[in-house]
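Visitor: Counted from 1, the sequence shown has number 182 at position 125 by our numbering; the numbering is strictly sequential. Yeah, the Cβ is synthetic: ideal placement off N, Cα and C, and Gly gets one too. Small disclaimer: the values here were computed from a predicted structure and weren't measured.
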Amino acid sequence: MNQLVSIGAPVLPQLVAIAGERASMRFLEFFAANIRNPHTRRAYARAAEDFLVWCTSVGVPSIASVQPVHVATWIEAGMRELAAPSVKQRLAAIRHLFDWLVTGQIVPVNPAGSVRGPRHVVTVGQTPVLDPAEARALLDSIDVSTHAGLRDRALIGLMVYSFARIGAALGMAVEDVYTQNRRLWVRLREKGGKRHAMPCHHNLDEYLVAYLDGAGLRDDPKGPLFRTIGRGTGKLTRTVLPQANAYAMIRRRADAAGIATKLGNHSFRATGITAYLKNGGTLEKAAAMANHASTRTTQLYDRRRDEVSLDEVERIAI
58 MNQLVSIGAP VLPQLVAIAG ERASMRFLEF FAANIRNPHT RRAYARAAED FLVWCTSVGV
118 PSIASVQPVH VATWIEAGMR ELAAPSVKQR LAAIRHLFDW LVTGQIVPVN PAGSVRGPRH
178 VVTVGQTPVL DPAEARALLD SIDVSTHAGL RDRALIGLMV YSFARIGAAL GMAVEDVYTQ
238 NRRLWVRLRE KGGKRHAMPC HHNLDEYLVA YLDGAGLRDD PKGPLFRTIG RGTGKLTRTV
298 LPQANAYAMI RRRADAAGIA TKLGNHSFRA TGITAYLKNG GTLEKAAAMA NHASTRTTQL
358 YDRRRDEVSL DEVERIAI
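Okay, here's the thing in structure tokens:
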């Protein structure tokens, strides 16, 4: 059972442990067997642990004694400290966990099933974006005389020009950059295990070729494409670059380029989509390029309306 904990399930909360071995195994199976996405697994594990520890603190005697009022009170407390999307995710975690426990005959009913989360309507994304000139300046500011510079320009360029999610970009192997019909392509593994291939923009082609050749990666096709830099060596290792390191790199590069916008790993996906649409691209094709199941999702990345709002604000001539 300790091996199951190591893949991302939380340490057994007291309410689960006292319910016996079968309940404990069912609880761990929810994370180990039922949730494949590691980010979702971590988020759900934190929510489950927080909720069940809270239940113990308020005197709930067993996991079968958890009632809708307990879930509702916990959610209400969360709404005072967290944003609505975070609260909705935490409620979803508890709801799915107890569904799993019900089907495993650990508890008779799902206490979260009747609890409503906060209302949250999203029409535009919150991710900060760059205008094309800023994105160009950022890419041009990177010193590509080092392995780190070649890597960073290639990674940022990949997200801008292919609309790749950071997780898909960091999950690439060297062999996922390949030639087809005399054009360089990239192969991405997106959410849900979906494979997605995109031809490279000529700038991205240049960045990737320079990175592969300059860092000597072509002889390691099965190795990760984006890697950490060895301490004190300035050379690439065979360790995949973690998302946290990518985020720190992006902030560091933005600061060095004099960009005040608080960029994140997702900013370049939104920047690329917005630039594509501003230059006459269609929403439907943008959705296909971004591997979105619906154009409604793509619209969240479209920030052309921000420019309209700024122009209109300047009409207030006082």
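(1) Take every Cβ of the region 204-212, pair it with every Cβ of the region 250-268, and state whether three or more of those distances are shorter than 8 angstroms.
(2) When the Cα of Tyr-304 is compared with those of Thr-285, Asn-336 and Lys-292, which residue comes out closest?
(3) If I measure Cβ to Cβ from His-204 and keep anything under 8 angstroms in the same chain, skipping five residues before and after, which residues do I get?
(4) Could you compute how far the alpha carbon of Lys-145 sits from the alpha carbon of Pro-165?
(5) I think Pro-168 touches Val-123, with their Cβ atoms under 8 angstroms apart; what is that distance to the nearest whole Å?
(6) Rounded to whole angstroms, what is the Cα-Cα separation between Gly-337 and Leu-187?
(7) Is the distance from the Cβ of Ala-221 to the Cβ of Arg-326 below 8 angstroms?
(8) Using 8 angstroms as the threshold, is the C-beta distance between Val-231 and Pro-278 below it?
(9) Are there 16 or more other CB atoms within 10 angstroms of the CB of Ala-301, so buried, or fewer, so exposed?
(10) Can you round the beta-carbon distance between Leu-241 and Cys-257 to whole angstroms, since I take them to be within the 8 angstroms contact cut?
(11) In the DSSP output, what is Thr-236 paired with across the bridge?
(12) I'd like to confirm the pairing. Which residues does DSSP put opposite Ile-286 in its beta bridges?
(13) Are there 16 or more other CB atoms within 10 angstroms of the CB of Arg-310, so buried, or fewer, so exposed?
(14) When DSSP labels each residue in this structure, what does Pro-256 get in the three-state scheme?
(15) Report the residue from Ser-143, Leu-72 and Gly-170 whose alpha carbon sits nearest the alpha carbon of Arg-152.
(16) For Arg-83, which residues from the same chain have a beta carbon less than 8 angstroms from its beta carbon, with the 5 sequence-adjacent residues on both sides left out?
(17) At the level of alpha carbons, what is the spacing between Glu-106 and Val-68?
Guide: The short version:
(1) yes
(2) Within the sequence shown, the letter at position 247 stands for residue 304. If we check each option's Cα against that of Tyr-304, Thr-285 comes out closest.
(3) Residue mapping note: residue 204 aligns to position 147 of the sequence shown, counting from 1. Counting only Cβ-Cβ distances below 8 angstroms, and skipping sequence neighbours, we find Gly-271, Ala-272, Ile-286, Gly-291, Lys-292 and Leu-293.
(4) Translated into the one-based positions of the sequence shown, residue 145 becomes position 88. Translated into the one-based positions of the sequence shown, residue 165 becomes position 108. If you take the alpha carbons of Lys-145 and Pro-165, they lie about 24 angstroms apart.
(5) Walking along the sequence shown from the start, residue 168 turns up at place 111. Walking along the sequence shown from the start, residue 123 turns up at place 66. Yes, they are in contact, since the Cβ atoms of Pro-168 and Val-123 sit about 5 angstroms apart, within 8 angstroms.
(6) Counting from one through the sequence shown, the residue named residue 337 turns up at place 280. Counting from one through the sequence shown, the residue named residue 187 turns up at place 130. One C-alpha to the other measures close to 18 angstroms.
(7) For this step, residue 221 is matched to residue 164 along the sequence shown. For this step, residue 326 is matched to residue 269 along the sequence shown. Contact flag set, yes.
(8) Within the sequence shown, numbered from 1, the residue matching residue 231 stands at position 174. Within the sequence shown, numbered from 1, the residue matching residue 278 stands at position 221. Yes, these two residues count as a Cβ contact at 8 angstroms.
(9) The residue labelled residue 301 in the question sits at position 244 within the sequence shown. Exposed, by the Cβ-count rule.
(10) For the purposes of this step, residue 241 is identified with residue 184 of the sequence shown, where counting begins at 1. For the purposes of this step, residue 257 is identified with residue 200 of the sequence shown, where counting begins at 1. The Cβ separation is near 4 angstroms, so the contact holds.
(11) Taking the sequence shown and counting its residues from 1, one reaches residue 236 at position 179. Leu-241, per the DSSP bridge assignment.
(12) For the purposes of this step, residue 286 is identified with residue 229 of the sequence shown, where counting begins at 1. Ile-286 is bridged to Leu-293.
(13) On the sequence shown, residue 310 is found 253 positions in, with the first residue counted as 1. By the 10 Å Cβ count, Arg-310 comes out buried.
(14) Here residue 256 corresponds to residue number 199 of the sequence shown, with the count starting at 1. The answer is strand: DSSP assigns Pro-256 an E or B state.
(15) Taking the sequence shown and counting its residues from 1, one reaches residue 152 at position 95. Closest by alpha carbon: Gly-170.
(16) Translated into the one-based positions of the sequence shown, residue 83 becomes position 26. Here the set comprises Trp-157, Leu-158, Gly-161 and Ile-163.
(17) Here residue 106 refers to the residue found at position 49 of the sequence shown. Here residue 68 refers to the residue found at position 11 of the sequence shown. Computed Cα separation, rounded: 8 angstroms.
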